[in-house]
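In UniProt numbering, the protein residues as written are 1 to 864.
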């Protein structure tokens, strides 16, 4: 039997390992094989070689272990700036034969300690009196005192967002660096390899432009407020250069640097960017710039008290360029560019030429309303960019702002589809237009997001901000948004189920996908702080029912101006979540060795569950309130111990779904779980029927209205083409898209049996008019593939690729609908490799097969 190949070696949860912020990064490697003979391969041991310098013999570490994900660093801890090279090979198969060595991969530490920073925070010599703050440009010209450079590293951050240049060349491809964190607690810095940009035997120039970003701009409700984190932008830059013989030279930001106003007049998150080409100083970032003597000095600020951290999250980049599909002339005569896709990013124009002093204004929106630009959902945000022309032809794009849009109205210039494009900007997470990090949204969407993208670094870093802000509250109550920009007077802090349960459920979701138990240990104080101190309990230890709960937020029946007016009682929703998170924290406590707490939480869970049943569940299995959300939560969270009650609840849920004519009848709490609840109760066909309903409210309705992204409300746009009259209406909002988790788990049929995907469940459930499905997922072990189809003769065909060092449990669809009885008979454990399965359906049944049609399937339930 052949051995697999090791395709990648990675360090911790960091995307590249360059500029990593930890001294003992854990190692992970993935396998691949295209050979049919590499079946049932599992690792038994591994070798890791670590080399500080290739001229020296590497350390070799042999470990007997099946683990290939997040294994401990085997060598001495690294220090700031240390570089190490690593490679790995694994042993496995019947003869424990070794694989080939992986390629060498390099890890390099950033600046791990505060004392490593010699740079000062610098700003303009005169403080700007009010906002918006005009961006600042900085310059420093220097000569390296030696030749034969070996390496050069730029460590850089800002109070604001920055773009750096060396000798006129942009440093890196990052946008809006260093990103948004809880600046009072944590400030990201970036590390760049800039050796190739420096000159030998002549002068060099480092130049940096800094804008407000999230640091000083207005953010939050009712127009927002400015200077939440500070009222002065600043630069912190440290360029360290080393020669081949070990000589060191450092250029650090200080009062000797020069500064000047940018030609960008203002640049804000909500309002966009204003660029005055008349004020431009060409070549300001190059070493040949002749006007440096006219620039001002700089002023040193107190160094930030926040921890400077190297992020695990990947940076924001331009990831795609979209061309317009048409240019529209509206009934009022406006010119609107349609890019055909709702996106987040910026417009880029080439060869823009208008008369000197003329203004070109670009206004962005997600939709059209009555054939004109639909700007009302923008509320108090301008979402516009302005160029003041110098009369010369220029290429232009905003540098420090972005927008959510599909349509751009252009005033002052006649657009040409050949010289205008949209740059899509996002991280490795998702294309979303979230202006604030709402805790409830990511809590419900995290399982979906973590399948679509590798969210371990991004959401792991976000959880650090969550902990920092939450634990400064004496009752450990998290803010509603992280980083928090909502003042107490705008939205007073009070505990909330679902939203604040993110403290427990997001780490748990990340653990399910990536198997990182250290994340659970790190977040444990945040978890127990919320559960022990934050939850406001009543006499029965469930939630205090006098406290307002957002609950099943955005129920489809909620009036536009009352999004919290749901059919399901908010306290019932909160109590269901409380029972669930108590069970989860009991499991987490046991896994990380907190046995006393595990026992306490397990006892508490059983008690709360019993009280929930007494309070809300009838002997027949119906729930108080009798709503789809209530029944779905009870089924998915296993709140019904009696099998007869659970069966009755499933039957009642199915009846309510039919009664609603398969339109969505759930909000924030019920929507992520209802299709899972129907499937668990034995009614997957009703879940398919709901999925494929097209009338409003439904998942398909926005598509019939031309949507290319998930909306915030089921009816963000009304059937007549007008925008929902509610003030809170977004057309790019991921939370209700959590249905995709059901598509992955049930339709495609893939989910982790154990955290981290080493053990996989393959259990597709065909239905609806869907006759084929496919899922491809890069697990931490390698590539997982699952595809199935039902042919015209009613035969079910399944093909599976399981990555090496993994196993899968395959359960083929039942013909009789008695899933529980047939599960063990149809279940088969398989190891790594390629597999094919075929199983007949009733060829006379058509599609869907009669055997899969649930009881009481009424004529109007037809999928045709």
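Even for Gly, the Cβ is constructed at its ideal location relative to N, Cα and C.
Quiz item: What residues are listed by DSSP as bridge partners for residue 711?
Solution: Paired residue(s): none; residue 711 is not in a bridge.
Quiz item: Counting only runs that start and end within the region 418 to 505, where is the beta strand (DSSP E) found for 3 or more residues in a row?
Solution: 420 to 426
Self-check item: As assigned by DSSP and simplified to three states, the class of residue 513
Solution: helix
Quiz prompt | Boundaries of the alpha helix (DSSP H) in which residue 217 is found, first to last residue | solution = Counting along the chain, residue 217 falls outside any alpha helix (DSSP H), and DSSP gives it neither H nor E.
Self-check item: Reduced DSSP category for residue 242 - H, G, I as helix; E, B as strand; rest coil
Solution: strand
Quiz item: If you follow the alpha helix (DSSP H) that residue 742 is part of, which residue opens it and which one closes it?
Solution: 739 to 742
Self-check item: residue 213 versus residue 517: straight-line alpha-carbon distance, rounded
Solution: 34 angstroms
Exercise. Look up residue 29 in the DSSP assignment and give the residues it is bridged to.
Key: 9
Self-check item: Any 3 or more C-beta pairs closer than 8 angstroms across the region 162 to 173 and the region 266 to 274
Solution: no
Self-check item: Reference residue 49, options 42, 40 and 62, closest by Cα
Solution: 62
Quiz item: On the three-state DSSP scale, how would you describe residue 387?
Solution: strand
Practice problem: Report the option in 521, 623 and 531 whose CA atom is closest to the CA atom of residue 497. | Solution: 531
Quiz item: Relative to the C-alpha of residue 524, which residue among 809, 562, 591 and 550 is closest?
Solution: 591
Quiz item: Can you list, in chain order, the residues of its chain whose CB lies under 6 angstroms from that of residue 555, leaving out five sequence neighbours each side?
Solution: 566, 567 and 667
Exercise. Provide the residue span of the alpha helix (DSSP H) that contains residue 650, from first to last.
Key: 643 to 659
Exercise. Within the region 62 to 128, note down every full beta strand (DSSP E) run reaching 3 residues or more, in order along the chain.
Key: 83 to 92, 105 to 109 and 121 to 124
Quiz item: Residues bridged to residue 537 by DSSP?
Solution: 543
Quiz prompt | Pair within 8 angstroms by beta-carbon distance, residue 871 and residue 800 | solution = An answer regarding residue 871 cannot be provided, because it is not within the stretch 1 to 864 covered by the chain.
Self-check item: residue 402 to residue 96 span [Cα, whole Å]
Solution: 53 angstroms
Quiz item: When burial is assigned at 16 or more other CB atoms within 10 Å of the CB, is residue 676 buried or exposed?
Solution: buried
Quiz item: Does the pairing of the region 100 to 108 with the region 80 to 87 give three or more beta-carbon distances under 8 angstroms?
Solution: yes
Practice problem: From the DSSP output, in three-state form, read off residue 820 for me. | Solution: Model confidence at residue 820 stands at a pLDDT of 47, short of 50, so the residue's coordinates are unreliable; what they give is reported in the following sentence. Looking at residue 820 - three-state DSSP - the assignment turns out to be helix.
Quiz item: Identify the residues that DSSP records as bridge partners of residue 783: which are they?
Solution: 778
Quiz item: Using 8 angstroms as the Cβ pair cut-off and three pairs as the minimum, do the region 53 to 71 and the region 743 to 755 touch?
Solution: no
Practice problem: Report, in whole angstroms, the separation of the C-beta atoms of residue 422 and residue 347, which I expect to be a contact under 8 angstroms. | Solution: 6 angstroms
Self-check item: Any 3 or more C-beta pairs closer than 8 angstroms across the region 677 to 692 and the region 764 to 775
Solution: yes
Quiz item: Can you tell me where the beta strand (DSSP E) with residue 270 in it begins and where it stops?
Solution: Unbroken run through residue 270: none, as it is neither H nor E.
Exercise. Establish whether the CB of residue 46 and some CB of chain C are separated by less than 8 angstroms.
Key: Checking the listed chains, one finds no chain C in this structure; it contains a single protein chain.
Quiz prompt | Residues near residue 124 by beta carbon distance below 6 angstroms, same chain, minus five either side | solution = 136 and 259
Quiz item: Per DSSP, what kind of secondary structure is residue 829 in: helix, strand or coil?
Solution: strand
Quiz item: Roughly how many whole angstroms lie between the Cα atoms of residue 849 and residue 794?
Solution: Any reading at residue 849 needs caution, since the residue's pLDDT is 38, under 50, leaving its predicted position unreliable; the model's value is listed next. In a straight line, the C-alpha of residue 849 is about 8 angstroms away from that of residue 794.
Quiz item: From 129, 237 and 100, pick the residue whose C-alpha is nearest to that of residue 155; which is it?
Solution: 237
Quiz item: Are the region 386 to 403 and the region 285 to 298 touching by the rule of at least three beta carbon pairs closer than 8 angstroms?
Solution: no
Practice problem: Pull up the DSSP beta-bridge partners for residue 51, would you. | Solution: 85
Practice problem: Check residue 279 in the structure and name its three-state DSSP category. | Solution: helix
Quiz prompt | the region 728 to 736 touching the region 711 to 719, judged by at least three CB pairs closer than 8 angstroms | solution = yes
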